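Trainee: With this note's numbering applied, the sequence shown closes on residue 661, and no number is skipped along the way.
Ideal Cβ positions, reconstructed from N, Cα and C, are used throughout, including at glycine.
Only a predicted model underlies this, so the values are computations on that prediction, with no experimental measurement involved.
Structure below; questions to follow.
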Amino acid sequence: MGAIYEPSAAEESSIGSSTTVGVIVVAAGSGTRLGAGLPKAFVALAGATVLEHAIDPILRLPDPVQLVVVVPTDRLGEAETIARRVAGSAFGNVRIVAGGGNRQESVLAGLGALWPGVRTVLVHDAARALTPPVLFERVIEAARRTGWGVVPGLPVTDTIKRVDEGGRIEQTVDRAALRAVQTPQAFPKDSLLAAFRVAADRLATATDDAALYAEAGHPVIVVEGEEAAFKITTPWDAQRAERLLGERPVPTASTHGGEGTGRSTLRTGIGIDVHAFADDAELWLAGLSWPEERGLAGHSDGDPVAHAIVDALLSAAGLGDIGSVFGTSDPQFDGAHGDVFLRATRQRLEASGFVVVNVAVQLVGNRPRFAPRRAEAEALLSELVGAPVSVSATTTDALGFTGRGEGVAAIATALVERR
Ligand code: CTP
Ligand code: MG
C-alpha cells in the first residue's frame, strides 16, 4: 500500500489548505459477483467506467473537496488517467492510493492519504456509481450540523422474515424501524481513525464504516438516501445502471451553444488556417521542422496544420478560436511551435470537461511533399492531442494562391465528447 500519486507543489490544489471535507472512494474490489473479468470500478457502463461515473459528481460539488480514490495496486496508472480526465484542472484535489485485501483495509489506506486539514470524511463505494450530487451535499450538511456520524438510508419496502438454517420462518420483522443504508457515509475524521485503530483485528468482518464507528461509542444518524445510489453488485444491477445512464439528459454546454436537444454528448468542430511563404522564415508544419523547405510567415511559427487543429478543437468545445484564446500579439507565443498551442488547447478542453475523440486535418499546397513524413506527423500530433490525428495533403491543380505557390492552407475537423 502507499500513495503513488503525490501532487507536485505546483499541482497541489489551492483549496488544499482550506477545505475541511475529504471524500474517499473505495474502488479496490475485484467485482467477483459482477463477473466481468476485471475489477468492477474499471468496467464500462454507457461509454464510461464505473469509476468515472462515481467520481464525476464529487468533482462537481459546489464547495470543492479533497478526493482520495482507492484502487487495486495494478490499476494505479489507469485510475490516474481516468481521474485526470474527469477532474481536469481540479486534479490537484485528487490523490490515488492502492487498496487492501478487504473493503475496510481499503478505507484505511484512503484515510492515510487525507490532507491534514480535513475534519469531515465521507467514505463512498465506487460501486454506487449513480449516486447524485445532492446526496453528498445532504450528508455533508448533516455531518457539519450535528458533528455525528451520518449515513444515508432508505425505508425497507419488502417484508422481512427471520429464518432458521433450514429456511423455515421464525419471525416477521417489523420493517417500520429498518433502513437499508447506503454510502457516502460521513464521520469526523479523527474519531473514525481512532475507531478503525480500536477495531484493527476485526476489520475484515465489519459490515460498514458506520458499524465500526458506532461500536466505538459514537452517535450515528440516518438521513434520507437516494434510490439512484444503489450498489452495482450483479450483472442485473449493471444493466439497470446502464439503462438509467442512457436515459439521463445531455449535460448542457455551460460555455456556449445553448441547450442540446439530442442525447449525444459528442460535438464536432472545424478550423481553417492559411500562411504565406516568406523567404526569411524556417518551415514548421504539422509540428515538425522542415529544414530544406521555404518557411511560412506568422506571429508564431506559421504552422497552419497545428493552428487549424487548435481552431477545430476550440470550435468543437465552444471555447472560441486561436486568436481569442491565445491572442495574436502575446510575446509568449512569439515563434512558439505547434506543440505549445496543442498542449494548451488540450488542457483547456479537459478543464471544461471535454475529451478529444479524433481529429482529421488536410494540408492544401504544392510544397513540401508531405507523404514521406505523414506517419511521423501523425504520431506527434496524436501524442499532443491525446487522440488519433490523421493528416492528408492535396494540391489545387495550380489554381488559387496555393496553386501559385504563394502559401499553404490547412483544414481540420475535430470530434470531442463532453463528460
Ligand atoms: N472494495 C475495496 N477494497 C476491497 C474490497 C472492496 O475498495 N478489498 C470496494 C469495492 O471496490 C466497492 C465497495 O468496496 O466499490 C463495495 O464492495 P463490493 O460491492 O463488495 O465490491 P467488490 O468487492 O469489488 O465485489 P465482489 O464482492 O462481488 O467481489
Ligand atoms: Mg466485496
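(1) Run the proximity test for A283: is its beta-carbon closer than 7 Å to any non-hydrogen atom belonging to ligand 1?
(2) Among P426, P375 and V310, which one has its Cα closest to the Cα of A355?
(3) So, helix, strand or coil for L657, using DSSP?
(4) To the nearest angstrom, report how far apart E457 and P477 are at their CA atoms.
(5) For L555, report the span of its alpha helix (DSSP H) as first-last.
(6) Could you check whether the segment 429-438 touches the segment 359-373, counting it as contact only if at least three pairs of C-beta atoms, one from each stretch, sit closer than 8 Å?
(7) Between P546 and H517, what straight-line distance do the alpha-carbon atoms span, to the nearest angstrom?
(8) Given H498, which residues of its chain have a CB within under 6 Å of its CB, disregarding the five upstream and five downstream residues?
(9) Checking the sheet assignment: what are the DSSP bridge partners for T587?
(10) Under 7 Å from any heavy atom of ligand 1, does the C-beta of N335 make it?
(11) Could you name the residues of the same chain whose beta carbon sits closer than 7 Å to that of E535, not counting the 5 residues immediately before and after it, in chain order?
(12) Provide the residue(s) that pair with A422 in DSSP beta bridges, ordered along the chain.
(13) So, is A651 buried or exposed, given that buried needs 16 or more other C-beta atoms within 10 angstroms?
(14) Considering only residues of the segment 453-493, which uninterrupted alpha helix (DSSP H) runs meet the minimum length of 4 residues and lie entirely inside it, listed in chain order?
(15) Consult DSSP for D522 and reduce its assignment to one of helix, strand or coil.
(16) Tell me the residue span of the alpha helix (DSSP H) that contains T644.
(17) Along the chain, which unbroken stretches of the alpha helix (DSSP H) at least 4 residues long are found entirely within the segment 285-360?
(18) Using the beta-carbon count (16 or more within 10 Å), is G289 buried or exposed?
(19) Mind checking whether the beta-carbon of G271 lies closer than 7 Å to any heavy atom of ligand 2?
(20) Quick one: residues in its chain with C-beta nearer than 8 Å to the C-beta of G649, no 5 flanking neighbours on either side, listed in chain order?
(21) In the DSSP output, which residue or residues are listed as bridge partners for R509?
(22) Between which residues of its own chain and V328 is the CB-CB distance below 7 Å, once the five residues before and five after are set aside?
(23) Quick check: the Cα distance between R375 and F472, rounded to an integer number of angstroms?
(24) What three-state label does DSSP hand S571 in the structure shown?
(25) Closest by CA to F266, which one among Q346, A332 and A286?
(26) Closer than 8 Å by C-beta to V398: which residues in its own chain qualify, once you throw out the five before and the five after it? Chain order, please.
(27) Tell me whether F663 sits in a helix, a strand or coil according to DSSP, three-state version.
(28) At a threshold of 7 Å, does G354 count as lining ligand 1 (C-beta to nearest heavy atom)?
(29) How would you call A654, buried or exposed, if buried means at least 16 neighbouring beta carbons within 10 angstroms?
(30) Within the present structure, is the beta-carbon of R387 separated from the nearest heavy atom of ligand 2 by less than 7 Å?
(31) Using three-state DSSP, classify G271 as helix, strand or coil.
(32) Is the separation between the beta-carbon of A528 and that of L396 shorter than 8 Å?
(33) Could you tell me the distance, in whole angstroms, from the CA atom of E501 to the CA atom of G540?
(34) Should the segment 335-345 be regarded as contacting the segment 267-286, the criterion being three or more beta carbon pairs within less than 8 Å?
(35) So is the beta-carbon of K403 under 7 Å away from any non-hydrogen atom of ligand 1?
Mentor: According to the structure data:
(1) yes
(2) V310
(3) strand
(4) 34 Å
(5) P546 to A559
(6) yes
(7) 6 Å
(8) Note that H498 scores 37 on pLDDT, short of 50, meaning its location in the model is unreliable and no value can be drawn from it.
(9) T587 is not bridged to any residue.
(10) no
(11) L525, R609 and P610
(12) L396
(13) buried
(14) 477-489
(15) coil
(16) G642 to G645
(17) 292-301, 318-329 and 345-353
(18) exposed
(19) yes
(20) V516, H517, A518, F519, L538, G607 and F643
(21) V658
(22) E294, I297, D298, L301 and R661
(23) It is worth fixing the name first, because residue 375 is Pro in this sequence and not Arg. Whole-angstrom Cα-Cα distance: 14 Å.
(24) coil
(25) Rather than Phe, the amino acid found at residue 266 in this sequence is Ile. Taking only the C-alpha atoms, the option nearest I266 is Q346.
(26) R417, L420, R421 and A422
(27) Residue 663 lies beyond the range of the chain shown here (243 to 661); nothing can be said about it.
(28) no
(29) buried
(30) no
(31) coil
(32) no
(33) Reliability fails at E501, whose pLDDT of 37 lies under 50, so the model's placement of it is uncertain and no value is given.
(34) yes
(35) no
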